[in-house]
Amino acid sequence: MPKKEQRKRFSRPASSSSRRPQRQSERRVREQDPNTIPSYLVNHLAQALRMVLKLDGPADVLLSVYFKRNHELGSRDRGFVAEAVYAALRHLAGIRWRMAPAVPERSPRLAALVTLASLYGMEALDSRDVGNDRKALEAILDKKDSDADPATRAELPQWLYERVRSQYPDHDLFFKEIATCAPLDIRVNLLKGKRDEVLEQLKDEGKKVVATPISPDGIRFLDKPGITHWPLYQDGVIDVQDEGSQLIARLVAPKRREMVCDFCAGAGGKTLAIGALMRSGGSLYAFDVNEKRLQGMVPRLRRSGLTNVHPIAIRDEHDKRLGRLLRKFDRVLIDAPCTGTGTLRRNPDLRWRLSEDELHRINEIQKSVLESASRLVKAGGRLVYATCSVLKEENQAVVEAFLAVHPEFHLLNASEVLEGQGVKVPSEVKDRFGPWFVMLPQVTGTDGFFGAVLERDPDAPRRRKPAPEAEAPSEETESAKAEAAETAAPSSEEPKTE
1 MPKKEQRKRF SRPASSSSRR PQRQSERRVR EQDPNTIPSY LVNHLAQALR MVLKLDGPAD
61 VLLSVYFKRN HELGSRDRGF VAEAVYAALR HLAGIRWRMA PAVPERSPRL AALVTLASLY
121 GMEALDSRDV GNDRKALEAI LDKKDSDADP ATRAELPQWL YERVRSQYPD HDLFFKEIAT
181 CAPLDIRVNL LKGKRDEVLE QLKDEGKKVV ATPISPDGIR FLDKPGITHW PLYQDGVIDV
241 QDEGSQLIAR LVAPKRREMV CDFCAGAGGK TLAIGALMRS GGSLYAFDVN EKRLQGMVPR
301 LRRSGLTNVH PIAIRDEHDK RLGRLLRKFD RVLIDAPCTG TGTLRRNPDL RWRLSEDELH
361 RINEIQKSVL ESASRLVKAG GRLVYATCSV LKEENQAVVE AFLAVHPEFH LLNASEVLEG
421 QGVKVPSEVK DRFGPWFVML PQVTGTDGFF GAVLERDPDA PRRRKPAPEA EAPSEETESA
481 KAEAAETAAP SSEEPKTE
């Protein structure tokens with residue numbers, strides 16, 4: 001948990017609106033010392049931890065469910081509880097070690113007190129809330145971090161700790177970074193604005209912002225304001241996207257009249273960035289196996305002003321409809337399913353929900369998706385394989401295994417691809433990672449991302465034995481072209497945030 005010198009001064013959450021009637025929970029605040037955390041917030045944190053620490057779903061989803069059930073909480077109260085829950089998840093290994101033999105999952109109230117005392121100090125807790133737990137709480141807080149094992153101090157499960165430690169010489173800096181909160185980055189939509197002009201507008205409005213150091217399209221907030229009600233967001237001038245994710249889109253290097261595919265589009269963050277780089281020209285397919293996630297792209301597309309995006313739900317990477325599009329694409333992006341270990345600052349619960357078995361399962365999917373998507377790339381076209389993982393098993397190892405059996409593809413230098421678009425890649429990234437695109441929180445201040453750019457040889461022959469689930473016709477007939485056009489047509493419904 002955070003050391004004493006890192007503790008924040010407790011500031012009581014203000015009511016969400018001065019105009020609405022005061023809630024019962026807020027009226028109770030007056031009965032307590034104004035410098036202590038209200039009892040109702042301690043109780044809500046304990047109840048929220050009881051739900052979230054089961055780890056049977058993403059923390060943000062579970063918290064959303066909890067807040068819907070407890071709608072009496074104002075927005076600032078919800079923010080307070082959420083911040084404390086995420087702090088507990090970031091330091092769960094330490095909390096478990098300190099509380100032993102008690103366990104946080106079975107003693108959520110004690111876990112709540114440990115979390116709040118670590119964040120704000122014992123003086124921020126009302127004596128009535130601490131009650132008979134005072135001695136236990138003081139003993140827990142007196143434990144020294146240096147007495148814990150290395151994996152506990154790193155706040156990672158042992159298997160994940162070992163992998164990161166063996167892969168990165170600066171692993172201690174990585175462990176330090178994943179104990180912090182990620183910044184809020186936005187991307188300026190090139191169809192509707194210019195980064196420098198939007199940056200100046202935000203500064204004029206008193207917002208605490210800076211330009212992202214690498215991405216030419218990004219702006220970083222030094223705090224975390226709610227932006228979804230802002231006109232700039234509602235009008236599609238800005239969208240939320242981590243700087244590293246913005247650079248993955250740049251790695252695709254799409255051109256205006258090309259045929260481009262985002263093979264695992266999800267809710268469309270990278271799709272929208274690619275579409276803007278294409279100036280809404282050409283054709284941009286957005287495939288995903290999760291139709292519900294694709295539908296999440298609909299409002300974002302409306303705001304963006306893009307007209308070249310065609311969202312299409314597919315059964316899996318072997319969907320027979322993909323056979324109509326073999327070797328048609330100039331650019332294919334595979335934002336592959338992964339463990340998400342590069343996003344641990346944003347999703348601290350992931351580290352506790354992952355397992356080695358899950359890693360191996362995902363690894364097989366990654367190899368299958370790469371194999372299938374590669375068939376869509378035309379001669380001379382490019383294939384970009386990307387993840388938000390920091391594990392080499394999901395990154396370099398997958399690409400190297402693919403290249404070993406696909407001599408028709410060769411690896412390009414990712415930094416050179418970015419620099420060809422005017423992106424200034426830090427020398428540390430170029431010198432350290434060679435041809436690979438690697439972003440790490442301790443190196444670039446972004447989420448962890450990986451990217452590899454593969455190019456199919458211009459004279460590469462067709463595969464003699466295409467996979468049976470995606471057989472290509474021997475000749476491209478006019479009817480085949482018509483079928484491809486039909487597949488590419490936008491869905492009848494018009495097409496969240498990374």
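The letter at position 209 of the sequence shown is residue 209 when you use our numbering, and the numbering goes up by one with no holes. Every residue gets a Cβ at the ideal spot worked out from N, C-alpha and C, and that includes glycine. It should be emphasised that the depicted structure is a prediction, and the values quoted were computed from it without experimental measurement.
- A distance below 6 Å between beta-carbons, with the five flanking residues on each side excluded, links I227 to the following residues of its chain, in chain order: Y233.
- The residue among A265, G281 and A46 with its C-alpha nearest the C-alpha of K292 is A265.
- Secondary structure note for H360: its alpha helix (DSSP H) is the uninterrupted segment E356 to S374.
- The continuous stretches of beta strand (DSSP E) do not include A253, and DSSP gives it neither H nor E.
- Its Cα nearest to that of A59, the residue R346 stands out among F175, P426, H410 and R346.
- The C-alpha of E364 lies about 18 Å from the C-alpha of V384.
- A distance below 9 Å separates the beta carbons of P311 and V298.
- Short of 8 Å from the beta carbon of I314, and not among the five residues preceding or following it, lie these beta carbons of its own chain, in chain order: F287, D288, V289, R321 and L322.
- Counting the other CB atoms within 10 Å of its CB gives T341 a total of 16 or more, which places it among the buried residues.
- For A117 and E123, the gap between their C-alpha atoms comes out near 8 Å.
- Between L370 and F329, the C-beta spacing is not below 9 Å.
- Collapsing the DSSP output to three states places R382 in a strand.
- DSSP places G218 in the strand class (E or B) of the three-state scheme.
- Within the DSSP secondary-structure output, A452 pairs in a beta bridge with Y385.
- Residue environment: E200 is assigned as exposed (fewer than 16 neighbouring CB atoms within 10 Å of its CB, all protein chains considered).
- With respect to the 9 Å criterion, P337 and Q366 are classified as neighbours on the basis of their beta carbons.
- When L137, M51 and I140 are compared, the shortest CA-CA separation from R106 is found for M51.
- Nearest C-alpha to D319 among R375, D357 and H360: R375.
- Contact between V443 and V453 fails: their C-beta atoms lie close to 19 Å from each other, not under 8 Å.
- Counting only residues of its own chain and dropping the five nearest sequence neighbours on each side, A182 has a CB closer than 6 Å to the CB of R345 and R346.
- Runs of the beta strand (DSSP E) lying entirely within the region 314 to 352, each at least 3 residues long, are 329 to 335 in chain order.
- Contact between A253 and A273 does not hold, since the beta-carbon distance rounds to 12 Å and is not under 8 Å.
- Taking the C-beta atoms as reference points, V61 is found no nearer than 9 Å to L391.
- Assignment of beta-bridge partners to V260 by DSSP yields L284 and R331.
- For M439, the enclosing beta strand (DSSP E) has its first and last residue at F437 to M439.
- Setting aside the 5 residues that flank it on each side, Y161 is surrounded in the same chain by A151 and A154, each with a C-beta closer than 6 Å to its C-beta; the list follows chain order.
- Bounds of any beta strand (DSSP E) do not take in H229, whose DSSP letter is neither H nor E.
- By the neighbour-count definition (other C-beta atoms within 10 Å, threshold 16), T387 is a buried residue.
- Per DSSP, the beta-bridge partners of H310 are Y285.
- Taken through DSSP and simplified to helix, strand or coil, A211 comes out as strand.
- Cβ-Cβ separation between L251 and F433: approximately 13 Å, too far for a contact (criterion under 8 Å).
- Just measuring C-alpha positions, the residue of L354, L222 and L202 sitting nearest W230 is L202.
- Taking the Cβ atoms as the reference, L222 lies roughly 4 Å from K208, within the contact range of under 8 Å.
- Counting only residues of its own chain and dropping the five nearest sequence neighbours on each side, R382 has a CB closer than 8 Å to the CB of V252, A253, D330, R331, V332, L412, V453, L454, E455 and R456.
- Taking a cut-off of 8 Å for Cβ pairs, the region 90 to 102 and the region 123 to 135 do not touch, as fewer than three such pairs fall below it.
- Apart from the 5 residues on each side of it in sequence, P225 sits with its Cβ closer than 8 Å to the Cβ of L184 and K207 in its chain, given in chain order.
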